[in-house]
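See structure below.
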Amino acid sequence: MASKQSILGKAFEYACASSLANRCPGAVLRKDAALDTASGFFFNECTPKRQRDLSSGATAVVSALERLEPCLSESSSQSLSIGLQSDAKGIAGDVRDVVCSRGPWQIGISCKHNNDAVKHSRLSSSIDFGAKWLAHPCSRQYFEAIDPLFSRLDGLQKRGALWRDLPDKIDGYYVPILNAFMDELRRLNSQYRDVPERLVRYLIGRNDFYKVISYENSRATRLVAFNLAGTLNMPSSSRKPIVEVPVIRMPRHIYYIGFLESENGGPSDNTALVICDQGWEISLRIHNASSKVEPSLKFDVQLVSYPRDVYNEFIPWDA
5 MASKQSILGK
15 AFEYACASSL
25 ANRCPGAVLR
35 KDAALDTASG
45 FFFNECTPKR
55 QRDLSSGATA
65 VVSALERLEP
75 CLSESSSQSL
85 SIGLQSDAKG
95 IAGDVRDVVC
105 SRGPWQIGIS
115 CKHNNDAVKH
125 SRLSSSIDFG
135 AKWLAHPCSR
145 QYFEAIDPLF
155 SRLDGLQKRG
165 ALWRDLPDKI
175 DGYYVPILNA
185 FMDELRRLNS
195 QYRDVPERLV
205 RYLIGRNDFY
215 KVISYENSRA
225 TRLVAFNLAG
235 TLNMPSSSRK
245 PIVEVPVIRM
255 PRHIYYIGFL
265 ESENGGPSDN
275 TALVICDQGW
285 EISLRIHNAS
295 SKVEPSLKFD
305 VQLVSYPRDV
315 YNEFIPWDA
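In the working numbering, the protein residues as written are 5 to 323.
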């Protein structure tokens, strides 16, 4: 059964694709299983008010996108194909939910509903985060540090234990696993010069994209352009973009890897912070994804900050 967050996320993907199809000339909404799932959540799982809010959040950003991407509103003999991507694409590193293409031109949009997370990666004794995230394998010392912890969790899972019943959840698991993770990230960073850039590229995704975040309580939509390779903001055959979207500078150095400072001034017991040059800061909050104990933990990864020249716009729905 899909969670409420997943349902609203998929419903917002449909709202964005539908708003683009209704606004852009020559648009064709690609019909497939991904569209069926998202439209089903929109029409069958959302109240009429929620549908209006989702549509308002999507519609607000379309005019902003047209200023940045003239190919969206280009009158052309080539149709504008708009499609939703499967979740498998995201697992493979393509975070774009909606892809628009007209001939060789293409842009992608990551759609978020009241949620600014960039990744939800897991740690376990069978996951080599160094190889998966950074293309550099983790050391034997890292696995020797985490294997006994996840092995204990495996035993607790077999007994049907719940996380809420573990008195040592924080100090017995969260903190030592986070320490092992941070120690290994420091080791990899000291050995390989490309770790800062690879870390950011893993978290952001393999393709340039626009991130669209709908905030219902604020009645505003945020538009952020992650233009890593310079493929966004291209001119059409007849017009240039009204607003320029700079290419993002990638980090080359990591200055700090440690626990995030908590509100009381001491170190957090569940969140790591990575600070790089060029203004990149990344927080990684570790948590159990299920109420039942299982031999893995999940990260909620947020971009605390990024370079100042990243295009970032808030669009009120009622403007």
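Quick reminder that beta carbons are idealized off the backbone N, C-alpha and C, glycines included.
- Message: Contact defined as beta carbons within less than 8 Å: I believe GLY97 pairs with ARG210. What is the distance between those atoms, to the nearest angstrom?
- Response: Taking the sequence shown and counting its residues from 1, one reaches residue 97 at position 93. Taking the sequence shown and counting its residues from 1, one reaches residue 210 at position 206. Cβ atoms of GLY97 and ARG210 come within 8 Å of each other, at about 4 Å.
- Query: Where PHE303 and GLN82 are concerned, what is the direct C-alpha to C-alpha distance, given to the nearest angstrom?
  - Reply: Locating residue 303 in the sequence shown gives position 299, where the first residue counts as 1. Locating residue 82 in the sequence shown gives position 78, where the first residue counts as 1. Using only the alpha carbons, I get a separation of about 42 Å.
- Message: For the beta strand (DSSP E) containing ASN26, name the first residue and the last one.
- Response: Numbered from 1 along the sequence shown, position 22 holds the residue referred to as residue 26. It is not in any beta strand (DSSP E) - ASN26 instead sits in the alpha helix (DSSP H) that spans 8-27.
- CB-CB under 7 Å to ALA224, same chain, minus the five flanking residues each way: which ones, in chain order? Your numbering for residue 224 matches position 220 in the sequence shown. Hits under 7 Å: PHE318, ILE319, PRO320, TRP321.
- What is the DSSP secondary structure of GLY262, reduced to helix, strand or coil? For this step, residue 262 is matched to residue 258 along the sequence shown. Strand.
- Message: Going by the DSSP bridge assignment, what does PRO320 pair with across the sheet?
- Response: Translated into positions along the sequence shown, residue 320 becomes position 316. Bridge pairing for PRO320: ALA224 [DSSP].
- Message: Residues in the same chain with beta-carbon distance under 7 Å from ALA184, minus the five sequence neighbours each way, listed in chain order, please.
- Response: Translated into the one-based positions of the sequence shown, residue 184 becomes position 180. Spatial neighbours of ALA184 in its own chain (CB-CB distance under 7 Å, excluding positions within 5 residues in sequence) are listed in chain order as TYR146, ALA149, ILE150.
- Item | Assumed close pair LEU33, SER22 - CB separation to whole angstroms, cut-off 8 Å | Here residue 33 refers to the residue found at position 29 of the sequence shown. Here residue 22 refers to the residue found at position 18 of the sequence shown. That pair is a contact at about 7 Å.
- Message: My output table needs one value for THR235: the three-state DSSP class, helix, strand or coil.
- Response: Start at 1 with the first residue of the sequence shown, and residue 235 comes out as number 231. Coil, per DSSP.
- Does the count of Cβ pairs from the region 214-223 and the region 48-67 closer than 8 Å reach three? With a cut-off of 8 Å, the region 48-67 and the region 214-223 count as touching, because enough Cβ pairs lie within range.
- Query: Taking buried to mean at least 16 other C-beta atoms within 10 Å of its own C-beta, is TYR310 buried or exposed?
  - Reply: Taking the sequence shown and counting its residues from 1, the one referred to as residue 310 is at position 306. By the beta-carbon neighbour count (other beta carbons within 10 angstroms, threshold 16), TYR310 is buried.
- Message: Between which residues of its own chain and ALA68 is the CB-CB distance below 8 Å, once the five residues before and five after are set aside?
- Response: Walking along the sequence shown from the start, residue 68 turns up at place 64. Cβ within range, chain order: LEU227, GLU317, ILE319.
- Query: What do you get for GLY212, buried or exposed, if any count of 16 or more other CB atoms within 10 angstroms of its CB means buried?
  - Reply: The residue given as residue 212 occupies position 208 in the sequence shown. According to the sequence displayed, residue 212 carries Asp and not Gly. Counting C-beta atoms within 10 angstroms of its own C-beta, ASP212 has 16 or more neighbours from the protein chains shown and is therefore classed as buried.
- Considering only residues of the same chain and omitting the five flanking positions on each side of GLU248, which have a CB-CB separation below 7 Å? For this step, residue 248 is matched to residue 244 along the sequence shown. Setting aside the 5 residues that flank it on each side, GLU248 is surrounded in the same chain by ASN237, each with a C-beta closer than 7 Å to its C-beta; the list follows chain order.
- For PRO7, which residues from the same chain have a beta carbon less than 8 Å from its beta carbon, with the 5 sequence-adjacent residues on both sides left out? Sequence index remark: in the sequence shown, residue 7 carries index 3 (1-based). Sequence inspection shows Ser at residue 7; the Pro mentioned does not correspond to that position. Exclusion of the five residues before and after SER7 leaves no residue of its chain whose Cβ lies closer than 8 Å to its Cβ.
- Rounded distance between the beta-carbons of GLY134 and LEU192, thought under 8 Å: The sequence position of residue 192 within the sequence shown is 188, counting from 1. The sequence position of residue 134 within the sequence shown is 130, counting from 1. In this structure LEU192 is in contact with GLY134, their Cβ atoms being roughly 5 Å apart against a cut-off of 8 Å.
- Using 8 Å as the Cβ pair cut-off and three pairs as the minimum, do the region 262-274 and the region 172-184 touch? By the criterion of at least three beta-carbon pairs nearer than 8 Å, the region 262-274 is in contact with the region 172-184.
- Query: With burial defined as no fewer than 16 other Cβ atoms inside 10 Å of the residue's Cβ, what is the status of LYS123: buried or exposed?
  - Reply: Your numbering for residue 123 matches position 119 in the sequence shown. The residue is buried, with at least 16 neighbouring Cβ atoms inside 10 Å.
- Does DSSP put SER79 in a helix, a strand or coil? Counted from its first residue, the sequence shown places residue 79 at position 75. Three-state result, SER79: coil.
- Query: Nearest to GLU78 by CA position, among ASN292, LYS296, ILE217, PRO245, is which residue?
  - Reply: Position 74 of the sequence shown holds residue 78. Ranking the options by Cα distance to GLU78, first place goes to PRO245.
- Task: Could you give the DSSP three-state label for GLN145: helix, strand or coil?
- Result: Along the sequence shown, read from residue 1 onward, the residue named residue 145 stands at position 141. Three-state DSSP puts GLN145 in a helix.
- State the Cα-Cα distance for the pair TYR219 and ASN119, rounded to the nearest angstrom. Along the sequence shown, one-based indexing puts residue 219 at 215. Along the sequence shown, one-based indexing puts residue 119 at 115. Those two C-alpha atoms are separated by around 8 Å.
- Query: Can you give, in chain order, each stretch of the alpha helix (DSSP H) that sits fully within the region 114-193 and has at least 4 residues?
  - Reply: Annotation note: the region 114-193 contains the following uninterrupted alpha helix (DSSP H) runs of length 4 or greater, listed N- to C-terminal: 144-162.
- Find out if the Cβ-Cβ distance for the pair CYS280, PRO200 is shorter than 8 Å. Your numbering for residue 280 matches position 276 in the sequence shown. Your numbering for residue 200 matches position 196 in the sequence shown. In this structure, PRO200 lies closer than 8 Å to CYS280 by Cβ.
- Nearest to PHE16 by alpha carbon, out of PRO108, ASP187, VAL216, ILE131? Along the sequence shown, one-based indexing puts residue 16 at 12. Closest in alpha carbon position to PHE16, among PRO108, ASP187, VAL216, ILE131, is VAL216.
- Message: Would GLU265 pass as an interface residue toward chain C - the criterion being a Cβ-Cβ separation below 8 Å?
- Response: No chain C is present in this structure, which holds just one protein chain.
- How many Å lie between ILE113 and PHE154 at the Cα? Position 109 of the sequence shown, counting from 1, holds the residue named residue 113. Position 150 of the sequence shown, counting from 1, holds the residue named residue 154. If you take the alpha carbons of ILE113 and PHE154, they lie about 36 Å apart.
- Query: Cα-Cα, which of GLU298, GLN9, TYR315 is closest to GLY159?
  - Reply: In the sequence shown, the residue the question calls residue 159 occupies position 155. Out of GLU298, GLN9, TYR315, GLU298 has the C-alpha closest to the C-alpha of GLY159.
- Task: Could you check if ASN359 is buried or exposed, using at least 16 other CB atoms within 10 Å of its CB as the buried criterion?
- Result: In the structure as shown, the chain starts at 5 and stops at 323, and residue 359 therefore has no counterpart that could be examined.
- Message: Applying the 10 Å Cβ sphere with the 16-neighbour rule, what's the burial state of ALA229?
- Response: Taking the sequence shown and counting its residues from 1, the one referred to as residue 229 is at position 225. When all chains shown are included, ALA229 counts as buried.
- For THR235, which residues from the same chain have a beta carbon less than 7 Å from its beta carbon, with the 5 sequence-adjacent residues on both sides left out? Position 231 of the sequence shown, counting from 1, holds the residue named residue 235. Counting only Cβ-Cβ distances below 7 Å, and skipping sequence neighbours, we find ASP212.
- Task: Confirm, please, whether the CB-CB distance from GLN306 to SER287 is below 8 Å.
- Result: As a working note, residue 287 is residue 283 in the sequence shown. As a working note, residue 306 is residue 302 in the sequence shown. Yes, these two residues count as a Cβ contact at 8 Å.
- Query: Expressed to the nearest angstrom, what Euclidean distance is found between the alpha-carbon atoms of GLN161 and SER300?
  - Reply: Within the sequence shown, the letter at position 157 stands for residue 161. Within the sequence shown, the letter at position 296 stands for residue 300. Going by C-alpha positions, GLN161 is about 10 Å away from SER300.
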